[in-house]
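Peer 1: Numbering (the numbering used here), first residue to last: -19 to 295.
All residues carry an ideal CB built from backbone N, CA and C; glycine is no exception.
These numbers come from a predicted model, not from an experiment.
This is the structure, below, for whatever I ask next.
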Ligand SMILES: [Zn+2]
Ligand SMILES: [Zn+2]
């Protein structure tokens, strides 16, 4: 009995020395296509808070239901949707990042959609336009139902507050295939950060420096151990030729990008950094392939995390 207590104490002190968590994540959807019940959406809140922002919104209801079944929330599905999610951060207007928001808009509560200006424009023009769907926005085509207020994020990276949460956000443009813009969000809770990237191709294939600029920007946070995690996509396995990437990453290209981050952050500083792999396209055996290829190429010793729908974790 005494031994057991001692063991428990040791375990507890190990857990404490790893630092108290700053963020809680509830993945509502994790895949990069095909399965419409499990598309990119991640609830993120300061640890010990129920005030979440939802990063992309490909799948909402199925993910919340799964989380409720897993006892992640002491609440019903509708309550989580309406009360726990305080706003949405949308990386780009592709349907696999937005379908859950559109379909649930009839039963959602009033809140803010945060995105870069051209993403907001696409939502207004293509979806909430009384043709694809009624206009639940506060501006745009025809009568505005005003369920959602659009908030443009500054393109110069200035930080703004996410209403009704303790979180702040900065946005950065990403290149997601030819002339198509996606976005990354650097989210802050007090002194700690997470970086969430929407769909993106590698700089070398996109012939841009968007990722390099972000790696440069966050490297002081990596050095100071203030960056708790990076959410980044790996859509295809390495067999996919560069000319068919359509603005996405493979394990090889992710590791190339991480090498660039490493070069800015100092030797060894990516050791054990949480890298949450999002958006794997689940065709054939590709999910297993992507995971195996990432693990085989993990020279930097990143802590690779493969999130699962409805399973919460802390950062
Ligand atoms: Zn996309
Ligand atoms: Zn996507």
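So what does DSSP say about residue 195, is it helix, strand or coil?
Peer 2: helix
Peer 1: Evaluate residue 159 with the Cβ neighbour count: other Cβ atoms within 10 Å of its Cβ, from every protein chain shown; 16 or more gives buried, anything less gives exposed.
Peer 2: exposed
Peer 1: From the DSSP secondary-structure annotation, give me the bridge partner or partners of residue 172.
Peer 2: 169
Peer 1: Using a Cβ cut-off of 9 Å (strictly closer), state whether residue 289 contacts chain C.
Peer 2: Absent from the structure is chain C; it holds one protein chain and no more.
Peer 1: Rounded to the nearest angstrom, what separates residue 62 and residue 89 at their Cα positions?
Peer 2: 5 Å
Peer 1: What are the boundary residues of the beta strand (DSSP E) that residue 92 is part of?
Peer 2: 91 to 95
Peer 1: Between which two residues does the alpha helix (DSSP H) containing residue 245 stretch?
Peer 2: 231 to 245
Peer 1: Under 9 Å, do residue 155 and residue 148 count as touching if we go by C-beta distance?
Peer 2: Their beta carbons are not under 9 Å apart, which means residue 155 does not touch residue 148 by this criterion.
Peer 1: Which residues have a Cβ closer than 6 Å to any heavy atom of ligand 1, listed in chain order?
Peer 2: 72, 74, 156 and 179
Peer 1: Here's the rule: buried if 16 or more other CB atoms are within 10 angstroms of the residue's CB, otherwise exposed. What is residue 78?
Peer 2: buried
Peer 1: Which residue comes first and which comes last in the beta strand (DSSP E) that contains residue 281?
Peer 2: Neither: residue 281 is in no beta strand (DSSP E) and is coded neither H nor E.
Peer 1: Any heavy atom of ligand 2 closer than 8 Å to the Cβ of residue 76?
Peer 2: yes
Peer 1: By a C-beta neighbour count over all protein chains shown, 10 Å radius and 16 as the cutoff for buried, is residue 186 buried or exposed?
Peer 2: buried
Peer 1: Nearest to residue 124 by CA position, among 138, 280, 23 and 105, is which residue?
Peer 2: Comparing C-alpha distances from residue 124 to each of 138, 280, 23 and 105 shows the shortest one belongs to 105.
Peer 1: Give me, in chain order, the residues of the same chain whose beta-carbon lies closer than 7 Å to that of residue 286; leave out the 5 immediate sequence neighbours on both sides.
Peer 2: 257 and 271
Peer 1: Look up residue 160 in the DSSP assignment and say whether it is helix, strand or coil.
Peer 2: coil
Peer 1: Within its chain, find whatever has a CB closer than 8 Å to the CB of residue 293; leave out the 5 residues flanking it on each side and keep chain order.
Peer 2: These residues qualify, in order along the chain: 4, 5, 285 and 287.
Peer 1: Between the C-alpha atoms of residue 237 and residue 244, what's the straight-line distance to the nearest angstrom?
Peer 2: Approximately 11 Å, taken between the alpha carbons.
Peer 1: I need the straight-line Cα distance from residue 242 to residue 248, nearest angstrom please.
Peer 2: If you draw a straight line from the Cα of residue 242 to the Cα of residue 248, it is about 8 Å long.
Peer 1: If you drop the 5 nearest sequence neighbours on each side, which residues of the same chain put their C-beta closer than 6 Å to that of residue 131?
Peer 2: 92 and 94
Peer 1: Please report the straight-line C-alpha distance between residue 223 and residue 53, rounded to a whole angstrom.
Peer 2: 43 Å
Peer 1: Rounded to whole angstroms, what's the CA-CA distance from residue 199 to residue 15? Just pull it up for me.
Peer 2: Rounded to the nearest angstrom, the two C-alpha atoms are 35 Å apart.
Peer 1: Residue 189 to residue 183, Cα distance in whole Å?
Peer 2: Going by C-alpha positions, residue 189 is about 6 Å away from residue 183.
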